[in-house]
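Q: First residue of the sequence shown? That's 5 in this note's numbering, and the numbers climb one at a time after it.
Note that the Cβ used here is the ideal one computed from N, Cα and C, for glycine as well.
Would you mind keeping the following structure in view while I ask a few things?
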Amino acid sequence: MAPQTGHQLFVYAEAPPLAGDVVTHGLFRASTPMLRAVRDTIDVIALFPWDRHFRAAMLDPVLAPLCRAPSLLLTWLRLAMRRLSLRPMESRLAATLVGGRAARSKAEHILCLEGSDPDVLADVAAVAARAGKPFSVYVVDDFLIPMRLAGAGEATIEAARQRARTLLQRADHVFAISDGLGKIFEKDFGVTTTTLPLVFEPGPQYAEPLRKQILFVGSVNFLYADALRQLLAVVTQVRAQTGEDLVIRLTSPSAAALGELPPFVTVAPLKGAEALARELSASLFAFLPYSFEEKVADMVRTSFPSKLMEYLAYARSIVAFAPDYANSSAYFRDFGLPYLVHDLAALKATILLHLREQPMHASLYRQQLQSVHAPTVARNILLSSLFGRAS
Numbered sequence: 005m006a007p008q009t010g011h012q013l014f015v016y017a018e019a020p021p022l023a024g025d026v027v028t029h030g031l032f033r034a035s036t037p038m039l040r041a042v043r044d045t046i047d048v049i050a051l052f053p054w055d056r057h058f059r060a061a062m063l064d065p066v067l068a069p070l071c072r073a074p075s076l077l078l079t080w081l082r083l084a085m086r087r088l089s090l091r092p093m094e095s096r097l098a099a100t101l102v103g104g105r106a107a108r109s110k111a112e113h114i115l116c117l118e119g120s121d122p123d124v125l126a127d128v129a130a131v132a133a134r135a136g137k138p139f140s141v142y143v144v145d146d147f148l149i150p151m152r153l154a155g156a157g158e159a160t161i162e163a164a165r166q167r168a169r170t171l172l173q174r175a176d177h178v179f180a181i182s183d184g185l186g187k188i189f190e191k192d193f194g195v196t197t198t199t200l201p202l203v204f205e206p207g208p209q210y211a212e213p214l215r216k217q218i219l220f221v222g223s224v225n226f227l228y229a230d231a232l233r234q235l236l237a238v239v240t241q242v243r244a245q246t247g248e249d250l251v252i253r254l255t256s257p258s259a260a261a262l263g264e265l266p267p268f269v270t271v272a273p274l275k276g277a278e279a280l281a282r283e284l285s286a287s288l289f290a291f292l293p294y295s296f297e298e299k300v301a302d303m304v305r306t307s308f309p310s311k312l313m314e315y316l317a318y319a320r321s322i323v324a325f326a327p328d329y330a331n332s333s334a335y336f337r338d339f340g341l342p343y344l345v346h347d348l349a350a351l352k353a354t355i356l357l358h359l360r361e362q363p364m365h366a367s368l369y370r371q372q373l374q375s376v377h378a379p380t381v382a383r384n385i386l387l388s389s390l391f392g393r394a395s
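Below, the structure written as structure tokens:
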């Protein structure tokens, strides 16, 4: 398809654009619909390194013809360089392989999809310098908070901050997944950001028989564990108070972080997008928690839950349970979405409301997807920012 805008992009992707039925997370979930939104403007999607956990058959079929990846041998070479902390050599390898391809591409601008790895910034800057073309980046997580949580010293963190600041200021544009993350990048790195929300194209809605079930989708990790424990405690109280057989379904492969689970909790992964959609439509509500622990407060302020896209597309109702300062709280508050609660009393009252009234907000949530997360929205933001026009 010829580009309708008269402009073309060379995409440098940290994560391969995977097909919709591949269960994944984070940037892997964000990249595919974002790139599909501007498919007709893309000349090449450069994948380096090729993630050894995925296979070519998992690529999105629309985007797969645009993808180019080096041989597995070169991917292993780069992995060896990383383990040996040979960062300058990694960037030179990326510049040689990807930068050379970018130089030959007819695309005039390089767009990098970035997770939380500041080393990728060095790579895309090297690629852009080799190609002699401008670059922009799309960021979905903070760079420094994971380092702090991993126990890095302040001197190491400050060095990373200055390095990222220098690299980001070379970019033509910095796109951020949310206003909250954008504010952090403006404060820490001195760059002006443009908010580029996640893109989601929902499938059909399903009319599944309603079950008295609360559904949580995703990993049970440090960002959610304490809030999930509070949910378990409140549901235990509600079951004893009402006699209702209210259950909880977790889709994580493991919930070991929660300790011993009561019998009303099921831990079982879902296979594929349709199974997830059906489970959401059958549940009393989808649970969207974030940790209340002070040690992860900065991450809670900036993290945007990609699972919210499926929630908005398929859930009857959603209950966001998070501190007032959470990014998810700001999202629900700013858009006036039901339901947002910040404490155990409110959580219990909201659960009782759902048992009593079985609220249905699916149409409202789908309207939210259409107005904020539709492909046309992202396309207009990207193309008007990069090329001064949208189409």
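Shortest alpha-carbon distance to P201 belongs to which of A229, G247, N225 and V143?
A: Counted from its first residue, the sequence shown places residue 201 at position 197. If we check each option's Cα against that of P201, V143 comes out closest.
Q: Comparing C-alpha positions only, which one of V323, Y318, E314 and S332 sits nearest to R305?
A: Here the question's residue 305 lines up with position 301 in the sequence shown. It is S332 whose Cα lies nearest to the Cα of R305.
Q: May I ask you to verify whether the stretch 218-235 touches the stretch 186-204, counting CB pairs closer than 8 angstroms and requiring at least 3?
A: With the cut-off at 8 angstroms, the stretch 218-235 and the stretch 186-204 do not touch.
Q: Could you give the residue range of the beta strand (DSSP E) that holds H113?
A: As a position in the sequence shown, residue 113 is number 109, starting the count at 1. It spans H113 to E118 - the beta strand (DSSP E) in which H113 sits, taken as one unbroken run.
Q: Residues in its own chain within less than 7 angstroms of P37 by CB, not counting five upstream and five downstream?
A: Residue mapping note: residue 37 aligns to position 33 of the sequence shown, counting from 1. So the list reads V203, F204, E205 and P379, once near-sequence residues are dropped.
Q: If I follow the unbroken beta strand (DSSP E) through R253, where does it start and stop?
A: Within the sequence shown, the letter at position 249 stands for residue 253. Segment V251 to L254, the beta strand (DSSP E) holding R253.
Q: Taking DSSP as the reference, what is the three-state secondary structure of Y228?
A: The residue labelled residue 228 in the question sits at position 224 within the sequence shown. Three-state DSSP puts Y228 in coil, outside helix and strand.
Q: Tell me which same chain residues have a C-beta within less than 6 angstroms of the C-beta of K311, skipping the five on either side of it?
A: Taking the sequence shown and counting its residues from 1, one reaches residue 311 at position 307. V221 and G222, listed in sequence order.
Q: Between which two residues does the beta strand (DSSP E) harbouring D44 extend?
A: The residue labelled residue 44 in the question sits at position 40 within the sequence shown. D44 -> no beta strand (DSSP E), and no H or E assigned at all.
Q: Give every residue of the same chain whose Cβ lies closer than 7 angstroms to the Cβ of A107, excluding the five residues on either side of it in the sequence, and list them in chain order.
A: Mapped onto the sequence shown, residue 107 falls at position 103. Here the set comprises R134, A135 and G136.
Q: How close, in whole Å, do the beta carbons of A41 and R383 come, if the pair is a contact with beta carbons under 8 angstroms?
A: Reading the sequence shown from its first residue, position 37 is the one you call residue 41. Reading the sequence shown from its first residue, position 379 is the one you call residue 383. Correct: roughly 5 angstroms between the Cβ atoms.
Q: Can you check DSSP and say which residues form a bridge with Q217?
A: Along the sequence shown, one-based indexing puts residue 217 at 213. BP columns for Q217 point to V251.
Q: Thinking C-alpha only, which one of A99, Q209 and A237 is nearest L348?
A: For the purposes of this step, residue 348 is identified with residue 344 of the sequence shown, where counting begins at 1. Per the Cα distances, A237.
Q: F14 to L67, Cα distance in whole Å?
A: In the sequence shown, counting from the first residue as 1, residue 14 sits at position 10. In the sequence shown, counting from the first residue as 1, residue 67 sits at position 63. When rounded, the distance between both Cα atoms is 13 angstroms.
Q: Which same chain residues, not among the five before or five after P122, have their C-beta less than 7 angstroms away from its C-beta?
A: Residue mapping note: residue 122 aligns to position 118 of the sequence shown, counting from 1. Result list for P122: F147, A164, R167 and A168, in chain order.
Q: Where E4 and T255 are concerned, what is the direct C-alpha to C-alpha distance, given to the nearest angstrom?
A: Outside the displayed span of the chain (5 to 395) sits residue 4, for which this structure offers no information.
Q: To the nearest angstrom, how far is it from the Cα of V195 to the Cα of P342?
A: Taking the first residue of the sequence shown as 1, we reach residue 195 at position 191. Taking the first residue of the sequence shown as 1, we reach residue 342 at position 338. V195 and P342: Cα-Cα distance of roughly 33 angstroms.
Q: Can you tell me which of the three DSSP states P7 falls into?
A: Reading the sequence shown from its first residue, position 3 is the one you call residue 7. Its pLDDT being 42, under 50, P7 is placed unreliably by the model, and nothing is read from it.
Q: Under DSSP, the alpha helix (DSSP H) around D375 begins and ends at which residues?
A: Position 371 of the sequence shown, counted from the first residue, corresponds to residue 375. Inspection of the sequence shows that residue 375 is occupied by Ser rather than by Asp. A366 to V376 is the span of the alpha helix (DSSP H), which, as asked, contains S375.
Q: CB K352 to CB L288, shorter than 8 angstroms?
A: As a position in the sequence shown, residue 352 is number 348, starting the count at 1. As a position in the sequence shown, residue 288 is number 284, starting the count at 1. Their beta carbons are not under 8 angstroms apart, which means K352 does not touch L288 by this criterion.
Q: Under 8 angstroms between the Cβ atoms of L284 and L219?
A: Translated into positions along the sequence shown, residue 284 becomes position 280. Translated into positions along the sequence shown, residue 219 becomes position 215. Yes, Cβ-Cβ distance for L284 and L219 is below 8 angstroms.
Q: Just to check my reading of the structure: A50 and V102 have Cβ atoms closer than 8 angstroms, yes? What is that Cβ distance to the nearest angstrom?
A: Residue 50 sits at position 46 when you count from the first residue of the sequence shown. Residue 102 sits at position 98 when you count from the first residue of the sequence shown. Yes, they are in contact, since the Cβ atoms of A50 and V102 sit about 5 angstroms apart, within 8 angstroms.
Q: Taking 8 angstroms as the cut-off, does the stretch 295-309 touch the stretch 320-340 (at least 3 CB pairs, one atom from each stretch)?
A: A contact exists between the stretch 320-340 and the stretch 295-309.
Q: First and last residue of the beta strand (DSSP E) that includes F189?
A: Along the sequence shown, read from residue 1 onward, the residue named residue 189 stands at position 185. Run containing F189: none in the beta strand (DSSP E); it sits in the alpha helix (DSSP H), D183 to F193.
Q: What residue from H346, I322 and V381 has the CA that sits closest to L368's CA?
A: By 1-based counting over the sequence shown, the position of residue 368 is 364. Taking only the C-alpha atoms, the option nearest L368 is I322.
Q: According to the Cβ coordinates, are L316 and R370 closer than 8 angstroms?
A: As a position in the sequence shown, residue 316 is number 312, starting the count at 1. As a position in the sequence shown, residue 370 is number 366, starting the count at 1. Yes, the Cβ-Cβ distance between L316 and R370 is below 8 angstroms.
Q: For a minimum of 4 consecutive residues, which ranges assigned as the alpha helix (DSSP H) are wholly contained in the stretch 244-327?
A: Here the runs fully enclosed are 277-286, 301-306 and 311-318.
Q: Between S389, T199 and R360, which lies nearest to I181 when the distance is taken from Cα to Cα?
A: To locate residue 181, count along the sequence shown from 1; it is residue 177. For the residues S389, T199 and R360, the minimum Cα distance to I181 belongs to T199.
Q: If contacts are defined as beta-carbon pairs under 8 angstroms, then Y16 and V178 qualify, I think. What distance do you get, rounded to the angstrom?
A: Working through the sequence shown from its first residue, we reach residue 16 at position 12. Working through the sequence shown from its first residue, we reach residue 178 at position 174. About 15 angstroms; that fails the 8 angstroms criterion.
Q: Taking the beta carbon of S295 as the centre, do at least 16 other beta carbons fall within 10 Å, making it buried, or is it exposed?
A: Stepping through the sequence shown from its first residue, residue 295 is reached at position 291. It is buried - the Cβ of S295 has at least 16 other Cβ atoms within 10 Å.
Q: Helix, strand or coil for L63, going by three-state DSSP, please let me know.
A: Here residue 63 refers to the residue found at position 59 when the sequence shown is read from its first residue. In this structure, L63 counts as strand in the three-state DSSP scheme.
Q: Can you tell me where the alpha helix (DSSP H) with E333 in it begins and where it stops?
A: By 1-based counting over the sequence shown, the position of residue 333 is 329. Contrary to the premise, residue 333 reads as Ser rather than Glu in this sequence. Counting along the chain, the alpha helix (DSSP H) containing S333 begins and ends at N331 to F339.
Q: I188 to E248, Cα distance in whole Å?
A: Translated into the one-based positions of the sequence shown, residue 188 becomes position 184. Translated into the one-based positions of the sequence shown, residue 248 becomes position 244. In a straight line, the C-alpha of I188 is about 44 angstroms away from that of E248.
Q: Could you name the residues that DSSP lists as bridge partners for F391?
A: Residue 391 sits at position 387 when you count from the first residue of the sequence shown. The partner list for F391 (beta bridge, DSSP) is empty, contrary to what the question assumes.
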